[in-house]
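Notes follow the structure.
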Amino acid sequence: MLPAGQASEGTEVKQTGLQMQFSTCERLNQTAFVFRTLLVVALAIQSTHADDWPLGRGDAAGTGATSQSLPADMELLWEVDVEGLGFDAGPIIAQGKVFAADHDGRVLAIDLHRGDELWRIELDTGFVSSPAYRDGVLFVGDYDGTLHALDASNGQSKWSYETGMEIDGNPNFFQDRVLFTSQSGDLYAVRVADGSLAWKYETGDQLQCGPTLAGDKTFLGGCDANLHVIDVNNGQGVGQPLPIDAPTGSTPSVLGDHVFVPTYAGEIFCFNLPSFELHWRFKNPQLADEFKNSVAVADGLAVAASRNKRVFAIDVNTGSVVWEQTLRKRCDASPVIAGEQVVVASADGRVLLFDLKTGKPQWMFEVKPGFLGAPAVAAGRLVVANDRGTIFCFGKK
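Take 85 as the starting number for the sequence shown in my numbering and just add one per residue.
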């Protein structure tokens, strides 16, 4: 048996409390320097290319942001009706293709520019999480707990990995591994090449979020009301889990030296990196009494959309509200930042653009019914899938 907090390849790692302590200030400063160096390098590598949105939250840091703005006079370019029970999660964009997985078990690829369906497969179990793309392979987890690795050119299966419980969170990547969670309460690191287990980290309670990366650390918000920090090199927990006082199903977001996580209690926690000290704690019941999505972060702002029919921006340094707007209905889909714009897809079937700095409305398109999954932005296109099975693409003709 391994000592607590240690692991070898292919073994399970159970979170058992404080697993790493810094004995001196000198060691802490040295660790901080190494972490910041790794973070800068990793974010430079992981930043979303303007022509791709390969992960559910755009990039490995979960920012939900791209530097590319959208045209102010967008039109509906195409729509594809898949029918069935609809999409609970947003699409992704990679290599000029849109990939999406629906509640009925369909996975499909669509040409981003023409709207032509390229391929479609139907599996036995449906999906409530977004796919993830890497090097010609599509990864998506179903609600029976199986992660599927599919050939992105035709949808054929390459391998699958069974967890036994529903996969709600979007996959992510670190080096040669795909990272994903399940309702079993575990974070899995599986080798991309063959689907073999590298390590597994146990939280002891359900996980509904996807993992977020910053350097060689990953962050998980759990139903145990904690934010877990894990070393992705070996699957060991880093320090004690950080208390957030309520369960969460939101994927954390990282911007610079801060990590953000909303909760089901309507709060947003901001922790400093790499000290993991609480920077601020946002709570405003009028703006938010529950979050079922993630925040988007860019340019010193964290943008949130709540079930209280509000979209608002918070200053990441102070935790104060910069602007707010009222929606007609709640918003369960995570917001997205596209350059100087905020993109929101709400439960009333409206897709809206707001100015990032001021919150001023810029554009709106209404379809029926509503949206549960986040939009994807790439190559001057905005793609979003609704809860009745239709995928829409907006842009300039």
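Cβ atoms here follow ideal geometry from the backbone N, Cα and C, with glycine treated the same way.
What is the rounded straight-line gap between the Cα of T442 and the Cα of Y245?
Going by the C-alpha atoms only, they are around 45 Å apart.
Evaluate contact between the stretch 146-160 and the stretch 332-348, counting only Cβ atoms and requiring at least three cross-stretch pairs below 8 Å.
When Cβ pairs closer than 8 Å are counted between the two stretches, the stretch 146-160 is seen to touch the stretch 332-348, the count reaching three or more.
Identity of the residue in A173, E374, Q179 nearest P459 by Cα
From the listed residues A173, E374, Q179, the smallest Cα separation to P459 is found for A173.
Please state the DSSP three-state secondary structure of V502.
Because the chain in this structure spans residues 85 to 481, residue 502 falls outside the shown range and cannot be described.
Identify which residue in K452, V461, Q425, A462 has its Cα closest to the Cα of T474.
Relative to T474, the option among K452, V461, Q425, A462 whose CA is nearest is K452.
Give the C-beta separation of F478 and L466 to the nearest angstrom, bearing in mind that I take them to be a contact with Cβ-Cβ under 8 Å.
Right, the Cβ-Cβ distance comes to about 4 Å (below 8 Å), so this counts as a contact.
With 16 other CB atoms within 10 Å as the buried threshold, where does T402 fall?
Around the Cβ of T402, a 10 Å sphere holds fewer than 16 other Cβ atoms; the residue is exposed.
Mind checking whether T296 and V322 have CB atoms under 7 Å apart?
The Cβ-Cβ distance between T296 and V322 does not fall below 7 Å.
Note down the Cα distance separating S151 from A429, rounded to an integer number of angstroms.
Straight-line Cα distance between these residues: approximately 19 Å.
P369 classed as buried or exposed, judged by whether at least 16 other C-beta atoms fall within 10 angstroms:
By the Cβ-count criterion, P369 is exposed, with fewer than 16 other Cβ atoms from all chains shown falling within 10 Å of its own Cβ.
Give the straight-line distance between the Cα atoms of G288 and G306, rounded to the nearest whole angstrom.
Looking at the two C-alpha atoms, the distance is approximately 9 Å.
List the endpoints of the continuous beta strand (DSSP E) containing Y348.
Premise fails: Y348 is in no beta strand (DSSP E) and is neither H nor E.
Just the Cα atoms here: how many angstroms apart are P419 and L411?
Cα-Cα distance, rounded: 13 Å.
Pair within 7 Å by beta-carbon distance, W137 and V395:
Remark: C-beta atoms of W137 and V395 do not approach each other more closely than 7 Å.
Going by DSSP in three states, V181 sits in which element: helix, strand or coil?
Residue 181 is actually Lys in this sequence, not Val. In the structure shown, the three-state DSSP call for K181 is strand.
CB G229 to CB E250, shorter than 7 Å?
A contact, by the Cβ cut-off of 7 Å.
Need the endpoints of the beta strand (DSSP E) that D432 sits in, please.
Membership of D432 in any beta strand (DSSP E) is not indicated, and neither H nor E is assigned to it by DSSP.
Are the beta-carbon atoms belonging to G319 and Y285 less than 7 Å from one another?
Contact flag set, yes.
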